[in-house]
Amino acid sequence: MKSGESIRLNYREYENWKYEKFVRFVNNLLLLRSRVDLHIFQLHFDSHHVVNCDDVRTWIGYAVKNNVKVLDVNMHQYDKTVLPRCIFTCRSLEELNLKMGKAPYKDYEHEGLVLPDIIRLPSLKKLSLCDVEVDTSSLEQIIARSPGLEDLHLINCAQHLDLVDSKVLKRLTVDGFLGRDKGLTIAAPCLIHFKCTGLPLEEISWRERPSLESAHIFASLSRSTCDGQSDFTGIFLNAKRLALFGSGIKVMLEKELSTCSVFESLVTLAIGEWCLTDDLYIVLRFLQLSPRLEKLTLKHRKHNRAREGAETEPISIAGMTVQCPLLETVIIQCSKDDGEIQKTVDALVATGISLEKIHVTFYEDIQKNVAETERKRQGGKMGRSVLEKKLKKKQDWVDDSHAISDSDNDGGEMEETFDYDDYF
Numbered sequence: 016m017k018s019g020e021s022i023r024l025n026y027r028e029y030e031n032w033k034y035e036k037f038v039r040f041v042n043n044l045l046l047l048r049s050r051v052d053l054h055i056f057q058l059h060f061d062s063h064h065v066v067n068c069d070d071v072r073t074w075i076g077y078a079v080k081n082n083v084k085v086l087d088v089n090m091h092q093y094d095k096t097v098l099p100r101c102i103f104t105c106r107s108l109e110e111l112n113l114k115m116g117k118a119p120y121k122d123y124e125h126e127g128l129v130l131p132d133i134i135r136l137p138s139l140k141k142l143s144l145c146d147v148e149v150d151t152s153s154l155e156q157i158i159a160r161s162p163g164l165e166d167l168h169l170i171n172c173a174q175h176l177d178l179v180d181s182k183v184l185k186r187l188t189v190d191g192f193l194g195r196d197k198g199l200t201i202a203a204p205c206l207i208h209f210k211c212t213g214l215p216l217e218e219i220s221w222r223e224r225p226s227l228e229s230a231h232i233f234a235s236l237s238r239s240t241c242d243g244q245s246d247f248t249g250i251f252l253n254a255k256r257l258a259l260f261g262s263g264i265k266v267m268l269e270k271e272l273s274t275c276s277v278f279e280s281l282v283t284l285a286i287g288e289w290c291l292t293d294d295l296y297i298v299l300r301f302l303q304l305s306p307r308l309e310k311l312t313l314k315h316r317k318h319n320r321a322r323e324g325a326e327t328e329p330i331s332i333a334g335m336t337v338q339c340p341l342l343e344t345v346i347i348q349c350s351k352d353d354g355e356i357q358k359t360v361d362a363l364v365a366t367g368i369s370l371e372k373i374h375v376t377f378y379e380d381i382q383k384n385v386a387e388t389e390r391k392r393q394g395g396k397m398g399r400s401v402l403e404k405k406l407k408k409k410q411d412w413v414d415d416s417h418a419i420s421d422s423d424n425d426g427g428e429m430e431e432t433f434d435y436d437d438y439f
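Converting from the sequence shown to this note's numbering requires adding 15 to each position, the first position being numbered 1.
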């Protein structure tokens, strides 16, 4: 659909159409559009959709030639030839989102989209990549030639990435690794938000430590977690929002919280992904150090030694009390078949937390609500866009076999071959 100077195309909305009809629709849409700069161009295909790469290249090339500011491409199918090189040298681009899907098994050399040798995006402020191979060298080039880049999100992208070095970066996500040789060193003194999953804590080091306002970290237990950096909590002492999950987090916090400073600004804390019934010390100690905390979310998992590995012995909570005068709610998430969650509730009440503030929610219900929300969202997309309705009324569709050409196979100019003044 089209809105103002934005074009959003999701093939899922047109699944009842043959692909050829969708192509004619898009080609006509672009040809009939006024020659003004584009703000947003969005192109989404699901994994089961068959896509002609030449069409994709042409449509993206059109967006680049019309000075697009936000480019959002979700292909779910990896093809090293599908993206025109002009994407990576677009001077107008301020936000780039690429989600490519993993490479097919027949491609033994690469797991994700391979970036071109030349990347020059001088206006770029936000970059989100998924299933795109990013190593230290390519990231250095992106940062060096995108001086205003403040948001960087790498999802299943880090391919032997060992350094993120930026003086202006404010938000960083590293979620999943394609290959790892060394740890990850971060030199980003202006960073205010950090999200990381899939990397042991001892492999994260800070060359220029930021003062984070929020962080989301999931770390499983590794053999050397206890021997990692000695001041992990120091990077988020001034944070307002924290989400800390996994047995690796638990072991690290057990080591550091006994001598940690107060989290003066912390308002929201989500923590867990271990058996809270057996070990609640970390939670209570955090509460003791968080005088401004308003909301606490606990993610409880049944004890599973095979999954968690060898852990430290539980620390006794006998006699521990907490005083959080601003605490409004405590949400405990667990499975419906967990018959021991009441022990956790009783332990929290015994430390001074009011029972009225404690609410238990089940993972099964959360998943059901998410699925229902997605179903309603997709149902809302079944209604046809205004453009499609207009095109249906105007039955004389243009044969676009020559209407759009990809002259250089890299997002070529569109050729106007018909009079469209009164098309709508």
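C-beta: ideal position from N, C-alpha, C; glycine also. All figures in this text were calculated on a predicted structure; none of them were measured in a lab.
List the DSSP bridge partners of Ile201.
DSSP output for Ile201 lists Val179 and Trp221 as bridge partner(s).
Assuming contact is defined by CB atoms lying nearer than 8 Å, are Pro225 and Ile250 in contact in what I supplied?
Contact flag set, yes.
Could you tell me which whole alpha helix (DSSP H) segments of length 4 or greater appear in the segment 41 to 92?
68 to 80, all fully within the segment 41 to 92.
In terms of residue numbering, what span does the beta strand (DSSP E) encompassing Arg256 cover?
Judged by DSSP secondary structure, Arg256 falls within the beta strand (DSSP E) whose first and last residues are Arg256 to Phe260.
N- and C-terminal bounds of the alpha helix (DSSP H) containing Gln348
It is not in any alpha helix (DSSP H) - Gln348 instead sits in the beta strand (DSSP E) that spans Thr344 to Cys349.
Judging by CA-CA distance, which residue of Lys314, Lys391 and Gln338 is the nearest neighbour of Ile356?
Of Lys314, Lys391 and Gln338, the residue nearest in Cα terms is Lys314.
So who's on the other strand from Leu284, going by DSSP bridges?
Answer by DSSP bridge pairing, in chain order: Leu257 and Leu311.
CA-CA distance, Arg316 and Asn81?
C-alpha separation (whole angstroms): 51 Å.
Is it buried or exposed for Pro131, if we count other Cβ within 10 angstroms and need 16 for buried?
Counting every other CB atom within 10 Å of its CB across the protein chains shown gives Pro131 a total below 16, marking it as exposed.
Pairwise C-alpha distance: Thr73 and Glu30
Distance between the alpha carbons of Glu30 and Thr73: 21 Å.
Neighbour-count burial assignment, Met397, 16 or more Cβ in a 10 Å radius:
For Met397, the predicted model reports a pLDDT of 47, less than 50, meaning its position is unreliable; a value from the coordinates is still stated below. By the neighbour-count rule (16 or more Cβ atoms within 10 Å), Met397 is not buried but exposed.
Run through DSSP, which three-state label would Cys145 get?
Note: Cys145 maps to strand in three-state DSSP.
Does the Cβ of Arg300 have 16 or more other Cβ atoms within 10 Å, making it buried, or fewer, making it exposed?
By the 10 Å Cβ count, Arg300 comes out buried.
Just the Cα atoms here: how many angstroms apart are Val129 and Ser143?
The alpha-carbon of Val129 is positioned some 15 Å away from that of Ser143.
Measure how close the beta-carbons of Glu165 and Lys185 come, nearest whole angstrom, since I'm counting them as under 8 Å.
So it is a contact: roughly 4 Å between Cβ atoms.
Please report the straight-line C-alpha distance between Gly287 and Asp293, rounded to a whole angstrom.
Rounded to whole angstroms, Gly287 to Asp293 spans 12 Å at the Cα level.
Where Glu20 and His374 are concerned, what is the direct C-alpha to C-alpha distance, given to the nearest angstrom?
Near 45 Å, if we compare the C-alpha coordinates of His374 and Glu20.
Whose C-beta lies closer than 6 Å to the C-beta of Ile55 among residues of the same chain, with five residues either side of it excluded?
Excluding positions up to five away in sequence, the list reads Ser21 and Val85.
Please list the terminal residues of the continuous alpha helix (DSSP H) segment that includes Ser153.
Here the alpha helix (DSSP H) through Ser153 covers Thr151 to Ala159.
Closest Cα partner of Arg100 within the set Leu136, Asn67, Glu379 and Met90:
Relative to Arg100, the option among Leu136, Asn67, Glu379 and Met90 whose CA is nearest is Leu136.
Does the beta-carbon distance from Leu227 to His208 come in below 8 Å?
Taking 8 Å as the Cβ cut-off, Leu227 and His208 qualify as a contacting pair.
Which whole-angstrom value is the C-beta distance of Lys255 and Ser273, which I expect to be below 8 Å?
Taking the Cβ atoms as the reference, Lys255 lies roughly 23 Å from Ser273, outside the contact range of under 8 Å.
Who are Trp289's beta bridge partners in DSSP?
Paired residues: His315.
Inter-residue spacing [alpha-carbon to alpha-carbon] between Pro204 and Lys372:
The alpha-carbon atoms of Pro204 and Lys372 are separated by roughly 38 Å.
Among Phe247, Glu271, Asn42 and Leu284, nearest to Ala258 - alpha-carbon criterion:
Among Phe247, Glu271, Asn42 and Leu284, the Cα nearest to that of Ala258 is on Leu284.
Suppose you measure from the CA of Lys351 to the CA of Thr376; what does that come to, to the nearest Å?
If I take the Cα positions, the gap works out to 9 Å.
What residue from Val71, Leu291 and Ile201 has the CA that sits closest to Ile346's CA?
Taking the Cα of Ile346 as reference, the smallest distance to any Cα among Val71, Leu291 and Ile201 is reached at Leu291.
Work out the CA separation of Lys210 and Thr359 for me, nearest whole Å.
If I take the Cα positions, the gap works out to 28 Å.
If you count every other CB in all the chains shown that lies within 10 Å of the CB of Gln174, and 16 or more means buried, which is it?
Counting other Cβ atoms within 10 Å of its Cβ, Gln174 reaches 16 or more and is therefore classed as buried.
Would Leu53 and Val41 qualify as a contact pair, given that the criterion is a beta-carbon distance under 8 Å?
Not closer than 8 Å, so no.
What did DSSP end up calling Asn384 once you bin it into helix, strand or coil?
Helix at Asn384.
Taking the alpha carbon of Asp353 as the point to measure from, which residue in Glu309, Glu379, Cys145 and Ile102 has its own alpha carbon closest?
Minimum Cα distance to Asp353 is reached at Glu379.
When we look at the beta-carbon of Leu341 and count the other beta-carbons within 10 Å, is it buried (16 or more) or exposed?
Residue burial is scored here from C-beta neighbours: Leu341 has fewer than 16 other C-beta atoms within 10 angstroms and is therefore classed as exposed.
Given a cut-off of 8 Å on the beta-carbon distance, is the pair Ile381 and Gln348 in contact?
A contact, by the Cβ cut-off of 8 Å.
Nearest neighbour of Gly334, chosen from Glu309, Val364, Leu252 and Arg307 [CA to CA]:
Checked all of Glu309, Val364, Leu252 and Arg307; the closest Cα to Gly334 is Val364.
Candidates Leu47, Asp61, Arg50 and Glu271: which alpha carbon is nearest Glu28's?
The residue with the shortest Cα to Cα distance from Glu28 is Asp61.
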